[in-house]
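The opening residue of the sequence shown carries number 7 in our numbering; numbering runs sequentially from there. Every residue, glycine too, gets a C-beta built ideally from N, C-alpha and C. These figures come from a predicted structure and were not determined experimentally. Everything below concerns the one structure shown next.
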Amino acid sequence: MDENPVHEISEAECHKLLAAFEFGRIAFRVGEALEVFPINYHAAGGAITFRTAPGTKLAGVLLADDVVVEIDHIGAKEAWSVIGHGKARRLESSSEVEAAERLPIHPLVPTVKREFVRIDLARVSGRRFHRFAEPDAASEPLVDSTD
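Shown next, in the form of C-alpha cells:
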C-alpha cells in the first residue's frame with residue numbers, strides 16, 4: 007500500500023472531475039474583500055459556465071482579475087479537491103446566451119437567473135487524499151513544525 011496519503015491529480019483528470027460534477031464554489035477578490043459563493047455550473051472545453059442574477063456575485067466576478075472555482079468530494083476511503091483559475095466574462099451575444107441556455111445547469115434554489123458567466127480556465131490543479139486511520143500519537147516522534 008502507498009504510504010503517501012496525498013497525490014497530485016493530472017490536469018486531464020481535473021477537467022474530467024470538473025465535467026462530472028455540477029456544484030462548487032467560486033472565490034474572488036474585489037479590493038480588500040474576499041468573497042466565496044456556491045455555484046451550480048457546467049464544465050466543458052476548458053471552461054466553467056454558470057448562471058446568476060444581478061448582485062454581488064455577478065459584479066464581483068466581472069471586476070475580479072482572477073477567479074477561483076473549487077469542487078471537492080469526501081468519500082469513505084478517499085477525498086479529492088480540484089481548483090481552477092481563470093478570468094470571468096458575462097455572455098452577451100445572442101448566440102452565446104442561446105447556447106448557454108441549452109446547458110444542463112440546475113440551480114439548487116428555484117430563482118430567476120438570467121445572467122450567464124463563463125470562466126475560461128487558465129490552469130487547474132487537484133489533489134487526492136487517501137483516507138486511513140490516524141497514526142497513534144504516542145507511537146509517532148514529535149516533529150517541530152517551525153522548521
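First and last residue of the uninterrupted alpha helix (DSSP H) at residue i
i: Gly209; result: Because the chain is modelled from 7 through 153, residue 209 falls outside the range shown and cannot be assessed.
Cα-Cα separation between residue i and residue j, rounded to whole angstroms
i: Pro110; j: Ser16; result: 25 Å
i: Ala26; j: Arg108; result: 17 Å
i: Leu23; j: Ser100; result: 29 Å
i: Glu41; j: Phe34; result: 6 Å
i: Ala49; j: Asn10; result: 30 Å
i: Thr55; j: Gly81; result: 26 Å
For residue i, the first and last residue of its enclosing beta strand (DSSP E)
i: Leu40; result: Ala39 to Ala50
i: Ala85; result: Glu84 to Arg96
i: Leu23; result: Run containing Leu23: none in the beta strand (DSSP E); it sits in the alpha helix (DSSP H), Glu17 to Ala26.
i: Leu109; result: Leu109 -> no beta strand (DSSP E), and no H or E assigned at all.
i: Asp78; result: Val73 to Ile80
i: Thr55; result: Ala53 to Thr58
i: Val123; result: Glu121 to His136
i: Val36; result: Phe29 to Val36
Reference residue i, options the options, closest by Cα
i: Lys83; options: Arg134, Glu14, Lys22 and Glu19; result: Arg134
i: Asp71; options: Ile80, Gly30 and Val36; result: Val36
i: Leu127; options: Ile32, Val12 and Pro11; result: Ile32
i: Thr117; options: Leu97, Arg57, Gly92 and Gly81; result: Arg57
i: Val103; options: Glu121, Gly92 and Val88; result: Glu121
i: Cys20; options: Ala105, Leu69, Gly51 and Thr62; result: Gly51
i: Trp86; options: Asn46, Thr62 and Asp78; result: Asp78
i: Val74; options: Gly66, Lys63, Val12 and Ile89; result: Ile89
i: Leu64; options: Gly132, Val123 and Ala18; result: Val123
i: Pro44; options: His13, Ser131, Leu97 and Val115; result: Val115
Simplified DSSP assignment, three categories, for residue i
i: Ser99; result: coil
i: Glu104; result: helix
i: Val118; result: coil
i: Glu9; result: coil
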